[in-house]
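Novice:
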Amino acid sequence: MKTKQTPIRFIIMIAVFIFVSINSYAQTLVQIKGMVADSVSKATLPLITLRLKNAANETIMVAATKEDGSFSFTPVQAASYTLLINAIGYSPKTITLDLTHQQKTMELKPVYLSDAMTNLKEVTITAEKPIIRQKADRIIYDLKADPESKGNNVLSMMRKIPYLSLDGNDNLLLKGNSSFRVFINGKPSNSLENNLKAVLKSIPASTIERIEVITNPPSKYDAEGLAGIINIITSKKINDGINGSVNINESLPTGGPGVGGSFTAKKGRFGISAFGGGSINNSPQTYNTNKRVDTALTTLDQHGYQRSNNKTAYLGTELSFQIDTLNLLTAQFNYNGTRGNNHNGQSSSLTGKNQLEQYTFQNDGNATGHGIDAGINYELGFRRFKNRLLTFSYMHSAEANNRNNGVVFVDRVDFTTPDFRQTDKQRFKEHTAQVDFTTPVNKVTVDAGVKAIFRNNSSDFDYSSLNNASGTYEHDAIQSNAFTNTQNVFSAYNSYQLALNSWNINAGVRVEETVIRANFMSTASVAAQNYFNVVPSIAISKRFKNESSINFGFSQRIRRPGINRLNPYVDRSNPNIEVTGNPNLRPVLLNDIQFGYSSNKKLSVNIGLDYSFMNNLDVQVVNFNRVTQITQVTYANTGKANSAGVNFNLSYPVTSIYNASLNGNAMYLWLQGEADGKIVNNNIMMYGVTLSNVVRLNHGWALNADLGVNSRNPTGLQGYTNGFFYSAFNFNKDIVKNKFSISGGIKNPFTKYRNSVSKTFGPQFNQTYQSMNYYRSFSISLNYNFGGLKDRINKNRTGIENNDVAN
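In this text, residue positions in the sequence shown follow the working numbering: the first is 42, and each later residue adds one.
(1) Between which two residues does the beta strand (DSSP E) holding M199 run?
(2) If you drop the 5 nearest sequence neighbours on each side, which residues of the same chain put their C-beta closer than 6 Å to that of Y419?
(3) Quick one: Cα of S692 to Cα of Y794, how far?
(4) Sort out for me which residues DSSP pairs K800 with in a bridge.
(5) For T486, I'd like the list of residues in its chain whose CB is within less than 6 Å of its CB, leaving aside the five on either flank, ordered along the chain.
(6) If you compare alpha carbons, which of G345, K332, Q399 and A315 is closest to T358?
(7) What residue range is occupied by the uninterrupted beta strand (DSSP E) comprising F636?
(8) Below 8 Å, can you find three or more Cβ-Cβ pairs linking the stretch 640-647 to the stretch 657-668?
(9) Does F221 pass the burial test, meaning 16 or more other C-beta atoms within 10 Å, or should it be called exposed?
(10) Report the rounded CA-to-CA distance for T90 versus R584, giving the unit in angstroms.
(11) Could you spell out the range, first to last residue, of the beta strand (DSSP E) harbouring S230?
(12) Give me the residue from G757, N779 and N529 with the minimum Cα distance to V569.
(13) If you reduce the DSSP assignment to three classes, tell me which class V71 lands in.
(14) In angstroms, rounded to a whole number, what distance separates the CA positions of P624 and Y435?
(15) Just the Cα atoms here: how many angstroms apart are F112 and G75?
(16) Would you decide whether R551 is buried or exposed? Buried here means 16 or more other CB atoms lie within 10 Å of its CB.
(17) Give me the Cβ distance between R251 and L184, rounded to the nearest whole Å; I'm assuming they're in contact under 8 Å.
(18) Give the list of continuous alpha helix (DSSP H) stretches no shorter than 4 residues that lie fully inside the stretch 552-615.
(19) By alpha-carbon positions, which one of D612, M655, N617 and S639 ends up nearest to L631?
(20) With a threshold of 8 Å, are at least 3 pairs of Cβ atoms found where one atom belongs to the stretch 257-264 and the other to the stretch 800-816?
(21) Could you give the residue range of the beta strand (DSSP E) that holds T330?
(22) From the DSSP output, in three-state form, read off E99 for me.
(23) Output the distance between the C-alpha atoms of N98 and W544, rounded to the nearest integer angstrom.
(24) Using the Cα positions of Q808 and S320, report the straight-line distance between them to the nearest angstrom.
(25) Are there 16 or more other CB atoms within 10 angstroms of the CB of A186, so buried, or fewer, so exposed?
(26) Measuring only the C-alpha atoms, how far is D139 from P245?
(27) Looking at the secondary structure, which residues open and close the beta strand (DSSP E) in which A540 lies?
(28) Where do the ends of the beta strand (DSSP E) carrying Y435 lie?
(29) Does the beta-carbon distance from Y638 to I581 come in below 8 Å?
(30) Assign Y534 to one of two classes, buried (16 or more other C-beta atoms within 10 Å of its C-beta) or exposed (fewer than that).
(31) With 16 as the cutoff for other CB atoms within 10 Å, does K788 come out buried or exposed?
(32) Tell me whether T850 is buried or exposed, calling it buried when 16 or more other Cβ atoms sit within 10 Å of its Cβ.
(33) Would you check if there are 3 or more beta carbon pairs closer than 8 Å linking the stretch 722-735 to the stretch 190-208?
(34) Pairs of beta-carbons, one from the stretch 731-750 and one from the stretch 694-701, closer than 8 Å: are there three or more?
(35) Please state the DSSP three-state secondary structure of S220.
(36) Which of the three DSSP states is assigned to L41 in this structure?
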């Protein structure tokens, strides 16, 4: 019955939101618009500050030019005003405006700024470009302003960015949470997220312009991603003609060679930008141990080894065609692919009262995967209202992953499981259509839109065991299955952004209807779920005259389980430990309250406080079967969690050549759930701190030293990993200023191996897994920048941003 009501409810939602937006238009005030450009090159100038003053010379409104150099003020009363334009490196400009007889809109002629001239023979610039900027809903980290970016990959640089951290296995966390979305140039990439660590390790940080951490996403974003969104902006410089960058790097003993680059070109109304590359990641052989003791004092003792080789490639492109001043067509395409081989072996001994079971196995496996994202966007402007936009967008995503492994047993003692082979073919497809509308109304910018996502996940897994009599592998129907899962999400949003001098308020609401259906082909069983959510959000910021600001936000976020958590494929690579997904998982709703403070004085300070709570959290649960002596790892909606935390970033120029910064976070997590039929608590204090030191010397030299410490982190409802200390020392030398440079460094020079310890507990058992991993590494990198652009690539201002799935 509920499914039949979905189209009617969705039509009502669309009508309500369009009515709310259209009902706000009838205004008679005057809006001021224009464009700012360089007087010599005629190139448009972004991020130029404009102040509108009244007859009493009081600043009543402040604005900044957009990427295309355009600006607009929210409509004001018809009167006389003064427009003051200030920009570093340009002479200030003042324009007198008489709006007393103006009708609705005043379109100014292009404003050209001239270079500020001095008679000094030589000027030494000692001020550094700010690395961190804060807005009401996000933190922006400028990688180009950090010399360490020239010798590191993107994943390594994440340690230095507010709200971000890496755990002991280099998994990226946002506010200590693994549930977030990652965008490339403001566009989602499902294929990237499902292979996040490998791809981010492959991307040289020197090919990236900045990273935005959106901690309180507005209503125009999907409600998914419990912690927020990480938006990676690739390099797009401004000069003339064509520009790009190339990076070649090598890392030893782990890692391997890699290459990456970015390229941007613009001619007339057509523009193209692209970035891509690839890497080889070798992990030499290391060793591990695993010990489990249950309440009956039965002990599982395992000793093993592992080694692997992985190859990763990625490519991203954006195309832009400016049909005319009111019509813009853009498209994007992203691809990434991986191929890996892994080898591991293990000797196992299960001992207890009158019990002895032993075996040794070797497991050879391989995995391949690739994913694409392709989209097209059409943006329609309006001649009388420059900032009124109507955008139609479509995107298609597809991903395929194949896993194969074969296990051979020897030295058996009372162990009868035959040799076996496992395969899993995992597929993901998604189609998204979206319409967005934005318009200024007085001092308010109104956004509204509707969206539909049609998503299909599938897995076809096979288990074959060896028939010793015939010497062939035979299909096991009981341990094989085929699974499909469809998720259709229909949503609509309405948001309002109000700018009042030093205040900025962004508030809105989003409604989402989710229809889920799962089919198990082998067992002919079906599971269906429907959800309707109303998701509010608000972000408020206040700027002060002393270059400081505060912000406050509240939002609700949703996490829908992705294919990695839903997939019922059972990984039996270790016969005593089975790992599987749960196709019956339900979405999780999180409530998040945030407060932040920022100051851009000599001591740069960014502090954020955060409190969140959620029920029915889908956490990793470990159940132990005493009869079979098998530990079963899966996911279940059994968790209840609360967390309170602080994130901070401090930066101070100690001298004219030495800058120190401290980036860190601390959070206390209260986590409770049910395992093996009993209530389990896993309350834990988590923290991570990184001290970065940058010394800029003469002749293009820059030296970096990073020291960091991380606490233990939870691995689900019943486990946690140990903490660790991190250190890195790097150098960068400009061979040709702003063109060619060489970088190198060493990570963790004092520790060759890191002993990673994971503890898991339950009502009936305790387990400790230890793995020795290479920790010390050496790297060298060559960076080359070429060309320049005299204008930016035109990009649509709104579009599809699917941030609604977590894996």
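From the three backbone atoms N, C-alpha and C, an ideal C-beta is built for every residue, glycine too. For clarity, every value in this text was computed on a predicted model and none was experimentally measured.
Specialist: Based on what the coordinates show:
(1) Counting from one through the sequence shown, the residue named residue 199 turns up at place 158. Boundaries for M199: no beta strand (DSSP E) harbours it, and the DSSP string shows neither H nor E there.
(2) For the purposes of this step, residue 419 is identified with residue 378 of the sequence shown, where counting begins at 1. So the list reads L370 and F433, once near-sequence residues are dropped.
(3) Your numbering for residue 692 matches position 651 in the sequence shown. Your numbering for residue 794 matches position 753 in the sequence shown. Between S692 and Y794, the C-alpha separation is close to 31 Å.
(4) Here residue 800 refers to the residue found at position 759 when the sequence shown is read from its first residue. Y761 and T809, per the DSSP bridge assignment.
(5) As a position in the sequence shown, residue 486 is number 445, starting the count at 1. Within the same chain, T486 has close Cβ partners Q538.
(6) Here residue 358 corresponds to residue number 317 of the sequence shown, with the count starting at 1. The residue with the shortest Cα to Cα distance from T358 is A315.
(7) For the purposes of this step, residue 636 is taken as the residue at position 595 of the sequence shown. Its beta strand (DSSP E) spans residues V629 to N641.
(8) Because the criterion of three Cβ pairs below 8 Å is not met, the stretch 640-647 and the stretch 657-668 do not touch.
(9) For the purposes of this step, residue 221 is taken as the residue at position 180 of the sequence shown. Answer is buried; the Cβ neighbour count reaches 16.
(10) The residue labelled residue 90 in the question sits at position 49 within the sequence shown. The residue labelled residue 584 in the question sits at position 543 within the sequence shown. Whole-angstrom Cα-Cα distance: 15 Å.
(11) Here residue 230 refers to the residue found at position 189 when the sequence shown is read from its first residue. Note, S230: premise wrong, no beta strand (DSSP E); not H, not E.
(12) In the sequence shown, residue 569 corresponds to position 528, counting from 1. The displayed chain sequence assigns Ala, not Val, to residue 569. Here the closest residue by C-alpha is N529.
(13) The count along the sequence shown starts at 1 and reaches residue 71 at position 30. Three-state result, V71: strand.
(14) Within the sequence shown, numbered from 1, the residue matching residue 624 stands at position 583. Within the sequence shown, numbered from 1, the residue matching residue 435 stands at position 394. Cα-Cα distance, rounded: 28 Å.
(15) Translated into the one-based positions of the sequence shown, residue 112 becomes position 71. Translated into the one-based positions of the sequence shown, residue 75 becomes position 34. In this structure, the straight-line span from the alpha carbon of F112 to that of G75 is close to 6 Å.
(16) As a working note, residue 551 is residue 510 in the sequence shown. It is buried - the Cβ of R551 has at least 16 other Cβ atoms within 10 Å.
(17) Stepping through the sequence shown from its first residue, residue 251 is reached at position 210. Stepping through the sequence shown from its first residue, residue 184 is reached at position 143. Contact between R251 and L184 holds: their C-beta atoms lie close to 6 Å from each other, under 8 Å.
(18) Restricted to the stretch 552-615, the alpha helix (DSSP H) segments that are unbroken, complete and at least 4 residues in length are 604-607, listed in chain order.
(19) On the sequence shown, position 590 is the one that residue 631 refers to. The closest CA to that of L631, considering only D612, M655, N617 and S639, is found on M655.
(20) Counting C-beta pairs closer than 8 Å gives fewer than three between the stretch 257-264 and the stretch 800-816, which falls short of the contact rule.
(21) Translated into positions along the sequence shown, residue 330 becomes position 289. From DSSP, the beta strand (DSSP E) with T330 extends over F311 to D335.
(22) Looking up residue 99 in the sequence shown gives position 58. Annotated three-state conformation of E99 is coil, per DSSP.
(23) Working through the sequence shown from its first residue, we reach residue 98 at position 57. Working through the sequence shown from its first residue, we reach residue 544 at position 503. Roughly 20 Å between the two C-alpha positions.
(24) By one-based count along the sequence shown, residue 808 stands at place 767. By one-based count along the sequence shown, residue 320 stands at place 279. Per the coordinates, the alpha-carbon of Q808 lies some 35 Å from the alpha-carbon of S320.
(25) As a position in the sequence shown, residue 186 is number 145, starting the count at 1. Classification of A186: exposed, given that the 10 Å Cβ count is below 16.
(26) Indexing the sequence shown from 1 puts residue 139 at position 98. Indexing the sequence shown from 1 puts residue 245 at position 204. Roughly 51 Å separates the two Cα atoms.
(27) Here residue 540 refers to the residue found at position 499 of the sequence shown. Per DSSP, A540 belongs to the beta strand (DSSP E) from N522 to L541.
(28) For the purposes of this step, residue 435 is taken as the residue at position 394 of the sequence shown. Unbroken beta strand (DSSP E) run through Y435: L430 to V454.
(29) Here residue 638 refers to the residue found at position 597 when the sequence shown is read from its first residue. Here residue 581 refers to the residue found at position 540 when the sequence shown is read from its first residue. Cβ atoms of Y638 and I581: not closer than 8 Å.
(30) As a first step, residue 534 is located in the sequence shown; it is residue number 493 there, counting from the start. It counts as buried.
(31) As a position in the sequence shown, residue 788 is number 747, starting the count at 1. It counts as buried.
(32) Limits of the chain in this structure are 42 at one end and 848 at the other, which puts residue 850 out of reach.
(33) Under the 8 Å Cβ criterion, the stretch 722-735 counts as touching the stretch 190-208, having at least three qualifying pairs.
(34) Pairwise C-beta distances place the stretch 731-750 in contact with the stretch 694-701, as three or more of them are shorter than 8 Å.
(35) Locating residue 220 in the sequence shown gives position 179, where the first residue counts as 1. Three-state DSSP puts S220 in coil, outside helix and strand.
(36) As shown, the chain starts at 42 and ends at 848. That puts residue 41 outside it, with no answer to give.
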